[in-house]
Amino acid sequence: MVSNIRNKQTTQYPHSLAVTSITFLMYLRKKTQNMRKLCLVVATSLFVVSCSENHQTEPINNKNTLPMDVHSAYQNSDARVSHLNLSLKADFDAHILQGTATWDVVSNGADTLYLDTRGLDITDIVDENGKELTYELQDYDSVLGQPLSIYGVANVKKVAITYTTSPQAEAIQWLEPEGKTPFMFTQSQAILARTWIPCPDSPGWRFTYEATIDVPNHLLALMSAENATEKNDEGIYHFRMEQSIPSYLMALAIGDVSFAPLSNRAGVFAEEHILEAAAWEFAETEDMIVAAEGLYGDYDWERYDILVLPASFPFGGMENPRLTFATPTIIAGDRSLTSLVAHELAHSWSGNLVTNATWNDFWINEGFTVYFEHRIMEVVYGRDYAEMLSALSRTDLIEEVADFMETRPEDTRLKLDLEGRNPDDGVSRIAYDKGYFFLRLIEETVGRDRFDAFLKTYFQTHRFGVMTTEMFLDYLRDNLISDDEWNAVGVSEWVYGKGLPDNLPAVESTRFANVDEAVKMALDGNKPDNTDQWSTHEWLRFIQGIHDNLTGDGRGILTTLDDWYGFTESGNSEILAAWWQPVIKHQYTEAYPAMETFLVNVGRRKFLTPAYRALKETDQIDVAKAIYEKARPNYHAVSRQTMDALLNHPPA
Ligand SMILES: [Zn+2]
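Residue 1964 in my numbering sits at position 566 of the sequence shown, and the numbers go up by one each step.
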C-alpha cells in the first residue's frame, strides 16, 4: 500500500470495548495455551498439505512458531480453512453484497472453527451436505468486530456461510455520482476483509479462492484474480486465484471500465474517459517488471494489471495481486508519479509473496517495498532520479519521527505493538521509510552485490510464506551479516529502539541542491530560470523549501509564485497537496476555493491529513470543518475514520 499518512492523532477506543477485546483474546489464549504447541505443529503441516494441493504455491519454510495475531480470532482455531468459493450478488440500490462464502475445512479433529466477521448479517451456515451447523457471534468489539464460532465441524469438509454485508461495511465504497455510472470497490487492508467476507482475517494465513460475482449488466467486475477484459451480457463474472493469498489481498471492484494492454502480460483498466491517459501514463510498466525481475527473480503472478479507481480511493495504490488498485491522482500527464507503480509492483515480491505475519511486523511489507521501489526506479530512470525519492523519504521520515517522539514515541519502533488498537495506526512513515533506511544501511554496510544476492534468495526461499521481524533477523544473521557488521549497523537499535539512530544513511542529490538554490532566489524575489526541466519531485522540494523558509506575512511571495508557476491551478495532485501547506500557514485565501474543490473531490488520505491538520493547527478549524462537512460523504471509511478523529467529528 502507498499511504504514508502523518498520523499524529491516535484513534481512541472506548475503554470498556478495548477491555472486551483484550479479555476475549486472553480467554482464547488461555484456552489454547496447552494446545499451542500441538496447534503450531498441525498448522505448519496443514500449510504443507493445503499448499501442495495448489500449484504455484509452496509450503512455507517456517521452522519458527508464528506469533499470536492479536487482530484475529482465527489464530485460536484448531480447525483451518484452505480454499474459498465466493458467490456474491452486488446490489447498488441497497449498497450490499449478498451471497455465500464456502470454505474448504480441515478440522484437525477440532469441533469449532473460528472466523473473523464485522457487521455481517448471517442467515445460515451449512456443511457440504446441506446440514445446518450451529454458530455463534461473539460480543461486538470496536477493533475486531464479531468473531464467529462455527460448531460441529469435526467431520465436516466444507462450511457454506450465507450472509449479507452491511451498507456501512468499512471495506466497501459505493459511488453513484450524479449523471455518472456507479462504481464500487473494496479496500481490505488491514482488517477490513471481515466486513465483506467471513474469513481468517490475519496476514499470517493464506488460501486460494474462486468467485462468481453477479453485477448490473452494464458493469464489469474485477478481482485480485484472473480477470475478464470485457463486459458480458449476463453481468456474471467468474474468477480463479490459484496462488495462495492472505485475506487483506481480497479485492473486488465493479464499474463501467475498459481495458487497454500495456504489454503481453500487463495492462490497465479504467473508465473510458481516462483510459487513454492512463495507458500513456503507465506505458513504462513492462520496463519496471523487467527491472524488478532482473533484481530479485521471476514475477510469480502471471499478469500485472492496474485498475484506475475513482478519486475517493483512500490510498495511492493497493497491491492487490494481479490487479493493483490505483488512485487517479497519479495521472499527471508527464509520467512523473509512476514510482507508485514501481511500489505496488515491488509488493508482488515483498508483501504478497513474503508476507508480514502480523500487523506488528508491517515494516516487513513496506520497508522492503520502498527499498525495492527505489531500486526499480534507479534501473529505469537512473540513480540521480531515485536519489530524489530517497531524499524526500528522508525529510518526511525525520519530520514524522520528531512528531511521534512527542505524541507516541513507542510507534517509532520498526517492530510495533498494536495490541488493543486498530492496526491502521501502524500505517506511518516508520514502517515505510525507517524500514527503507534500515535496509539501505545494511546494503551500504555489506555492499550492494552481497545484499542483492541475499535478497534474491530471501524472496525465493520464503515465497508464498510469512515472515516475522524475528524470523527475518535470524535469517539475516544466518545468511548475510557477521557479528561485526551486525554491531556496525546497530540492528537491535534500528528494529526495537525508539527514534532514529545516529547512522541514518545520508542522501546526496545534486538535483535537489540546485532546487535549494532556486528557493533562496525566489525568496529574494528573483525568478529562478532553471525550472524548465524540473520533475514533480523537484517542484515538491521547491514548495517544501518555500514553506520551511518563508517567515512573516508570506502572502506577497505566494502571490508572486502563483503568478510565475500557477501552483493553485496545477493539474498535479502532489504539487497541489504540497502547495496547500504554505497556503494555509500564511492564509493565502485566494487559493482557498481551489483547495476546497480539491479536498471535496479527492479522498486520498495522504493528501487530506496534512491539509486538515494544518488548518487545525493554525486556528482555522472552522474552515476545516466547513470543508469537511461537504467532503465527508465522498470519502472512503478509511479516510473518514482518520479525519473524524483529527477534527473531533462524531462517527456516523
Ligand atoms: Zn506499500
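We put the beta carbon where it would ideally sit given N, CA and C, even for glycine.
- Message: Residues in the same chain with beta-carbon distance under 7 Å from T1727, minus the five sequence neighbours each way, listed in chain order, please.
- Response: Position 329 of the sequence shown, counted from the first residue, corresponds to residue 1727. These residues qualify, in order along the chain: A1709, S1971, V2000 and R2002.
Note to self: Any heavy atom of ligand 1 closer than 6 Å to the beta-carbon of M1686?
What the structure shows: The sequence position of residue 1686 within the sequence shown is 288, counting from 1. No, the Cβ of M1686 stays beyond 6 Å of every heavy atom of ligand 1.
field: Nearest-angstrom Cβ-Cβ length linking P1598 and S1645, presumed shorter than 8 Å
entry: For the purposes of this step, residue 1598 is taken as the residue at position 200 of the sequence shown. For the purposes of this step, residue 1645 is taken as the residue at position 247 of the sequence shown. With a Cβ gap of about 6 Å, P1598 and S1645 count as contacting.
query: Okay, do the stretch 1958 to 1972 and the stretch 1727 to 1743 touch, 3+ Cβ pairs below 8 Å being the bar?
result: yes
Practice item. Report all residues from its chain with a CB closer than 6 Å to the CB of L1464; omit the five preceding and five following residues, and keep chain order. Key: Taking the sequence shown and counting its residues from 1, the one referred to as residue 1464 is at position 66. The answer, listed in chain order, is G1602 and A1755.
- For E1891, the first and last residue of its enclosing alpha helix (DSSP H): Taking the first residue of the sequence shown as position 1, residue 1891 is located at position 493. First-last of the alpha helix (DSSP H) with E1891: V1889 to Y1894.
*With a threshold of 16 other CB atoms inside 10 Å of the CB of P2048, please say whether the residue is buried or exposed.*
Position 650 of the sequence shown holds residue 2048. P2048 is exposed by the Cβ-count criterion.
**Message:** Please classify S1622 as buried or exposed, where buried requires at least 16 neighbouring CB atoms within 10 angstroms.
**Reply:** Along the sequence shown, read from residue 1 onward, the residue named residue 1622 stands at position 224. So S1622 ends up on the buried side.
Quick one: Cα of W1572 to Cα of N1947, how far? On the sequence shown, residue 1572 is found 174 positions in, with the first residue counted as 1. On the sequence shown, residue 1947 is found 549 positions in, with the first residue counted as 1. Distance between the alpha carbons of W1572 and N1947 is about 43 Å.
Next item on the list: For L1871, I'd like the list of residues in its chain whose CB is within less than 8 Å of its CB, leaving aside the five on either flank, ordered along the chain.
Entry: Here residue 1871 corresponds to residue number 473 of the sequence shown, with the count starting at 1. Excluding sequence neighbours, L1871 sits near V1889 and V1893.
- Message: For a test of your reading of the model: does the CB of T2053 fall under 6 Å from any non-hydrogen atom of ligand 1? Yes or no.
- Response: Given a span of 1399 to 2050 for the chain in the structure shown, any question on residue 2053 remains unanswerable.
Please report the straight-line C-alpha distance between Q1496 and L1486, rounded to a whole angstrom.
Residue mapping note: residue 1496 aligns to position 98 of the sequence shown, counting from 1. Residue mapping note: residue 1486 aligns to position 88 of the sequence shown, counting from 1. So the two alpha carbons sit approximately 5 Å from each other.
Cα-Cα separation between M1775 and N1527, rounded to whole angstroms: Locating residue 1775 in the sequence shown gives position 377, where the first residue counts as 1. Locating residue 1527 in the sequence shown gives position 129, where the first residue counts as 1. Near 53 Å, if we compare the C-alpha coordinates of N1527 and M1775.
Consider the C-beta atom of M1865 and the heavy atoms of ligand 3; say whether any pair is separated by less than 6 Å. The ligand content of the structure shown is limited to ligand 1, which means ligand 3 is not among them.
Backbone secondary structure at K1918 - three-state DSSP
In the sequence shown, the residue the question calls residue 1918 occupies position 520. Reduced to three states, the DSSP call for K1918 is helix.
Q. Cβ of S1600 within 7 Å of Cβ of D1467?
A. As a first step, residue 1600 is located in the sequence shown; it is residue number 202 there, counting from the start. As a first step, residue 1467 is located in the sequence shown; it is residue number 69 there, counting from the start. For S1600 and D1467, yes; Cβs fall inside 7 Å.
- Nearest-angstrom Cα distance between A1886 and T1843? Position 488 of the sequence shown, counted from the first residue, corresponds to residue 1886. Position 445 of the sequence shown, counted from the first residue, corresponds to residue 1843. About 8 Å.
For K1865, the first and last residue of its enclosing beta strand (DSSP E) | Translated into the one-based positions of the sequence shown, residue 1865 becomes position 467. According to the sequence displayed, residue 1865 carries Met and not Lys. Element bounds for M1865: G1863 to M1865.
Check your understanding: Contact check, A1471 vs D1502 under 8 Å by CB: the rounded distance?
Key -> Residue mapping note: residue 1471 aligns to position 73 of the sequence shown, counting from 1. Residue mapping note: residue 1502 aligns to position 104 of the sequence shown, counting from 1. Contact flag wrong, Cβ pair sits at about 19 Å.
Exercise for the section: Decide if G1863 is buried, meaning its Cβ has at least 16 other Cβ atoms within 10 Å, or exposed. Expected result: Start at 1 with the first residue of the sequence shown, and residue 1863 comes out as number 465. Classification for G1863: buried.
message = Does the contact criterion of 3 or more C-beta pairs under 8 Å hold for the stretch 1565 to 1585 versus the stretch 1530 to 1538?
response = no
Item checked: Distance between beta carbons of T1593 and R1516, contact taken as under 8 Å -> As a working mapping, residue 1516 is identified with position 118 in the sequence shown. As a working mapping, residue 1593 is identified with position 195 in the sequence shown. Correct: roughly 5 Å between the Cβ atoms.
Item checked: Nearest-angstrom Cβ-Cβ length linking V1913 and F1940, presumed shorter than 8 Å -> Position 515 of the sequence shown, counting from 1, holds the residue named residue 1913. Position 542 of the sequence shown, counting from 1, holds the residue named residue 1940. Sure, about 5 Å apart at Cβ, within 8 Å.
* So is I1634 buried or exposed if we call it buried at 16+ other beta carbons inside 10 Å? -> Translated into positions along the sequence shown, residue 1634 becomes position 236. Under this definition I1634 is an exposed residue.
Is E1764 a contact residue of ligand 1, with contact defined as CB to any heavy atom under 6 Å? Position 366 of the sequence shown, counted from the start, is the residue given in the question as residue 1764. Yes - ligand 1 has a heavy atom lying nearer than 6 Å to the Cβ of E1764.
Counting pairs of Cβ atoms below 8 Å between the stretch 1546 to 1562 and the stretch 1603 to 1614, do you hit three or more? no
### Task
With a cut-off of 8 Å on the beta carbons, I'd call L1518 and V1524 a contact; round off their distance for me.
For the purposes of this step, residue 1518 is taken as residue 120 along the sequence shown, with counting starting at 1. For the purposes of this step, residue 1524 is taken as residue 126 along the sequence shown, with counting starting at 1. At roughly 16 Å, the Cβ-Cβ gap does not stay under 8 Å, so L1518 and V1524 are not in contact.
**Asked** Under 6 Å from any heavy atom of ligand 1, does the C-beta of M1775 make it?
**Response** The count along the sequence shown starts at 1 and reaches residue 1775 at position 377. No - ligand 1 has no heavy atom lying nearer than 6 Å to the Cβ of M1775.
Is it true that the stretch 1825 to 1834 meets the stretch 1790 to 1802, where meeting means three or more beta-carbon pairs spaced less than 8 Å apart? yes
* Buried or exposed for Q1566, please, with buried defined as at least 16 other CB atoms from any protein chain shown within 10 angstroms of its CB. => Locating residue 1566 in the sequence shown gives position 168, counting from the first residue. Looking at its Cβ environment, which holds fewer than 16 other Cβ atoms inside 10 Å, Q1566 is exposed.
### Task
Verify the CB distance criterion: does W1594 have a CB-CB separation below 7 Å to chain B?
Of the protein chains in this structure there is only one, and it is not chain B.
Practice task
Just mark K2004 as buried or exposed, buried being the case when its beta carbon has 16 or more other beta carbons within 10 Å.
Solution key: Here the question's residue 2004 lines up with position 606 in the sequence shown. Buried, by the Cβ-count rule.
Check your understanding: Among the residues of its own chain, which have a CB less than 6 Å from the CB of A1976, if the five just before and after it don't count?
Key -> Here residue 1976 refers to the residue found at position 578 of the sequence shown. Answer for A1976: L1938 and I1941, listed in chain order.
Got a sec? Which residues, its chain only, sit under 6 Å from M1433 by beta carbon, not counting five neighbours each side? Along the sequence shown, read from residue 1 onward, the residue named residue 1433 stands at position 35. Note that M1433 scores a pLDDT of 36, beneath 50, so its modelled location is shaky; the value from the coordinates is reported in the next line. Hits under 6 Å: none found.
- Item | Three or more C-beta pairs below 8 Å linking the stretch 1779 to 1798 and the stretch 1850 to 1860 | no
Next on the checklist: Could you check whether A1677 and I1704 sit closer than 7 Å to each other, using their CB atoms as the reference points?
Outcome noted: If you number the sequence shown from 1, residue 1704 lands on position 306. If you number the sequence shown from 1, residue 1677 lands on position 279. In this structure, A1677 does not lie closer than 7 Å to I1704 by Cβ.
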